[in-house]
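Here is the structure we will look at, set down as structure tokens.
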Amino acid sequence: MTSRTRLDRVRASLGIAQLALQQIEDDLNADDVDAPELAAILRELQEDIDVPGGLFPMLAQLVTAAARRAEQIEPDRDGDASCPLHEAAALLTDNAGQRLNWAARSLDSQGDPE
């Protein structure tokens, strides 16, 4: 019963996250978004100034937590589950996050944090 309750909490949390992400998408689709504002939004997705992290680092942290748990429970401890999860987390921070930074910089180099 505990795992069912946990799964219900995960589903509810994902529903909340989807609503929040939909709001961001709606803001991105607004006709009056200019280059500096788009760059600022991209920077927020990568590293929120008010709260350490940002969307991509937080997602990577979540996937890393799943990878660590998989390491503990995967049969034969062969990495069949945990390795792809660790790689996915690295892709989020190293590839996706860096590409967001590049895009933001090309849209508005003046807004780059020093």
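Following numbering that gives the first Met the number 0, the numbering of the sequence shown begins with 0 at its first residue and continues without gaps.
C-beta atoms are modelled at their ideal positions from N, C-alpha and C, and glycine is treated no differently.
Taking the alpha-carbon positions, what's the residue i to residue j distance?
i: Arg-98; j: Ala-16; result: 22 Å
i: Arg-104; j: Ala-38; result: 7 Å
i: Ala-59; j: Gly-96; result: 10 Å
i: Ile-72; j: Arg-42; result: 36 Å
i: Leu-61; j: Leu-27; result: 25 Å
i: Gly-110; j: Asp-77; result: 45 Å
i: Leu-44; j: Asp-75; result: 37 Å
i: Gly-14; j: Arg-5; result: 14 Å
i: Asn-100; j: Leu-20; result: 19 Å
Which whole-angstrom value is the C-beta distance of residue i and residue j, which I expect to be below 8 Å?
i: Ala-115; j: Asp-107; result: No answer is possible for residue 115: the residues shown for the chain start at 0 and end at 113.
Grouping DSSP H, G and I as helix and E and B as strand, with all else coil, what is residue i?
i: Glu-73; result: coil
i: Gly-96; result: helix
i: Gly-14; result: helix
i: Ala-80; result: coil
Let me make sure I understand the geometry here. Which of the options has the alpha-carbon closest to that of residue i?
i: Leu-54; options: Ala-88, Thr-4, Asp-7 and Arg-10; result: Ala-88
i: His-85; options: Asp-75, Arg-68 and Asn-100; result: Arg-68
i: Pro-83; options: Ala-64, Asn-100 and Trp-101; result: Ala-64
I'd like to confirm something about residue i: is its beta-carbon nearer than 7 Å to some heavy atom of the ligand ZN, or not?
i: Arg-42; result: Ligands displayed in this structure: none; no statement on the ligand ZN is therefore possible.
Excluding five sequence neighbours on each side, which residues of the same chain lie with their C-beta closer than 6 Å to the C-beta of residue i?
i: Glu-46; result: Gly-53
Measure from the C-beta of residue i to each C-beta in chain D and report whether the shortest distance is under 8 Å.
i: Leu-37; result: Of the protein chains in the structure, only one exists, and it is not chain D.
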